[in-house]
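Below: the structure, in structure tokens.
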Amino acid sequence: MHFKTLVTVTMPTVEEDPHENAAVEQSIDLLQARKDDLAKDIMAELTLCTLMGRTTNFARQLVGAVEEVMTPYSTEPPEEYKEFADMTEELKADYAKSVDCLKLPNGKIVECGSYPYFSKYSIVDGKVSQNKVGTLHHTRRTKQSRKIQYLPNCPRQKVYKTFEKYAEDYRRYEYNEEEKGYGFYCNPNAMWDWYQIGGRWPVTFLVKADCTEYSFGERSWGNYSKKYPAPEGYMWVSAARKKDICWDIMRSWYIAQDTERYTKLKEAFQCGKLPDEFHGELRENGFFCCGKCAYAAGETLDEYLARIGIPKSWKYPIGVSDIVDADEWLSKNDISIGKESSNWHEQIDTYIDDLDGEDVLVSVDYHM
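Whatever position you read off the sequence shown (first residue = 1), add 7 for this note's numbering.
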């Protein structure tokens with residue numbers, strides 16, 4: 008799944024390099040000129056998406072700053088962030104259990120859930136049947152399955168002669184001499200296996216068109232050519248300093264867009280015909296898209312904005328599932344939403360309030 012997170016970094020003032028910026032823009036233009044070929048050349052498309060997030064020297068330096076903050080939470084971090092996950096006691100507890108087994112014609116006993124037997128055979132009325140038999144792929148007793156005996160609740164000690172055989176041959180764990188146990192090294196704080204600045208959410212912060220310290224962010228696959236209109240004199244970015252983000256203009260823009268959408272959906276509902284740009288279905292109680300209510304019959308604009316748009320209680324018109332900086336990773340899932348004392352967006356507002364104007368806010372799309 009993909010999640011939108013707010014990453015905060017500190018960066019010194021960055022001096023731009025017009026020549027390098029122009030070279031990046033030229034490379035982008037050359038790749039975009041191959042628009043028809045990009046669908047066939049995934050590496051060229053990925054290169055284009057990456058370059059779009061490096062159009063300024065500020066954006067290029069931002070990549071390293073964000074990486075420094077995100078690295079401690081990677082599933083594949085440097086060794087310094089890894090710890091040994093000792094599975095020995097869990098394996099011993101599993102080894103002491105009894106499980107359903109099969110006794111094969113050669114006398115070998117195997118677990119019903121082991122490969123390839125879990126997909127090849129089923130237990131029907133206490134007897135072994137073979138799966139996917141014949142052209143219709145039925146499950147039935149065959150000559151082969153009749154030779155196999157079902158052994159319910161068979162102790163694992165009968166299946167594997169030693170605990171070591173179970174841990175190594177069946178569970179595929181290696182014994183670690185240094186740690187004196189079976190297990191593996193991992194990052195206990197892992198939160199992501201892949202991320203992009205911007206990604207699926209490149210439209211996050213609104214800044215003036217003459218802002219010099221910003222990043223458009225990388226575009227996700229298939230998203231590189233999409234255009235995002237902005238108010239005249241402004242542009243949408245994936246990262247900028249707090250002092251440069253125009254929060255009030257952002258809110259007004261969102262309200263205007265949502266109001267226009269509300270008007271169109273209300274008129275469409277009243278006449279019983281959807282405009283071409285909307286996809287979904289009209290029902291007696293409203294308009295639904297992907298199973299969710301896009302417009303409820305009879306709701307006012309204020310009700311619609313409170314349900315769909317940016318609530319008036321939000322000081323900063325931005326929604327994220329996580330907040331990350333050099334000190335901590337805060338997640339919406341870590342608090343009980345609904346309680347007044349633990350409202351997630353109150354935490355977002357308080358967090359941004361406490362930031363310095365020079366701090367850089369970054370919209371990051373991470374996958375886990």
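Built from N, CA and C at the ideal position, the CB exists for glycine as well. For clarity, every value in this text was computed on a predicted model and none was experimentally measured.
For LYS134, does the three-state DSSP call read helix, strand or coil?
Translated into positions along the sequence shown, residue 134 becomes position 127. The answer is strand: DSSP assigns LYS134 an E or B state.
Name, in chain order, the residues that DSSP records as bridge partners for GLY206.
Along the sequence shown, one-based indexing puts residue 206 at 199. DSSP, once it has assigned bridges, lists ARG226 as partnering GLY206.
Option nearest SER129 by Cα separation, candidates GLY224, ILE116, LEU109
Stepping through the sequence shown from its first residue, residue 129 is reached at position 122. Checking every option, the nearest Cα to that of SER129 belongs to LEU109.
Is DSSP giving ASN113 helix, strand or coil here?
Taking the sequence shown and counting its residues from 1, one reaches residue 113 at position 106. Here ASN113 sits in coil by DSSP.
Out of HIS145, ALA304, GLU310, LYS299, which one is the CA nearest neighbour of HIS286?
Here residue 286 refers to the residue found at position 279 when the sequence shown is read from its first residue. Ranking HIS145, ALA304, GLU310, LYS299 by Cα distance to HIS286 puts LYS299 first.
Around the Cβ of PRO19, are there at least 16 other Cβ atoms within 10 angstroms (buried) or fewer (exposed)?
In the sequence shown, the residue the question calls residue 19 occupies position 12. Burial call: exposed.
Candidates VAL166, VAL73, THR142: which alpha carbon is nearest GLY114's?
Within the sequence shown, numbered from 1, the residue matching residue 114 stands at position 107. Taking only the C-alpha atoms, the option nearest GLY114 is VAL166.
Which residues in the same chain have their Cβ closer than 7 Å to the Cβ of ASN194, if we skip the five residues on either side of it in sequence?
If you number the sequence shown from 1, residue 194 lands on position 187. Excluding residues up to 5 positions away in sequence, SER81, THR82, PRO84, TYR88, LYS89 lie with their Cβ nearer than 7 Å to the Cβ of ASN194 in the same chain.
Burial state of ASP329, where buried means 16 or more other Cβ atoms lie within 10 Å:
Taking the first residue of the sequence shown as position 1, residue 329 is located at position 322. Classification of ASP329: buried, given that the 10 Å Cβ count is 16 or more.
Within its chain, find whatever has a CB closer than 6 Å to the CB of LEU13; leave out the 5 residues flanking it on each side and keep chain order.
Taking the sequence shown and counting its residues from 1, the one referred to as residue 13 is at position 6. In chain order, VAL327, ILE330 place their CB closer than 6 Å to the CB of LEU13, counting only its own chain and leaving out the 5 sequence neighbours on each side.
Uninterrupted alpha helix (DSSP H) stretches inside the stretch 161-189 (no shorter than 4 residues)
The stretch 161-189 contains these whole alpha helix (DSSP H) runs: 163-166.
Using the Cα positions of GLY305 and LYS139, report the straight-line distance between them to the nearest angstrom.
For the purposes of this step, residue 305 is taken as the residue at position 298 of the sequence shown. For the purposes of this step, residue 139 is taken as the residue at position 132 of the sequence shown. If I take the Cα positions, the gap works out to 54 Å.
Can you list, in chain order, the residues of its chain whose CB lies under 8 Å from that of ASP176, leaving out five sequence neighbours each side?
Numbered from 1 along the sequence shown, position 169 holds the residue referred to as residue 176. TYR167.
Identity of the residues DSSP links to TRP254 by a beta bridge
As a first step, residue 254 is located in the sequence shown; it is residue number 247 there, counting from the start. TRP254 is not bridged to any residue.
Residue environment, TRP201, which counts as buried when at least 16 other CB atoms sit within 10 Å
As a working mapping, residue 201 is identified with position 194 in the sequence shown. So TRP201 counts as exposed.
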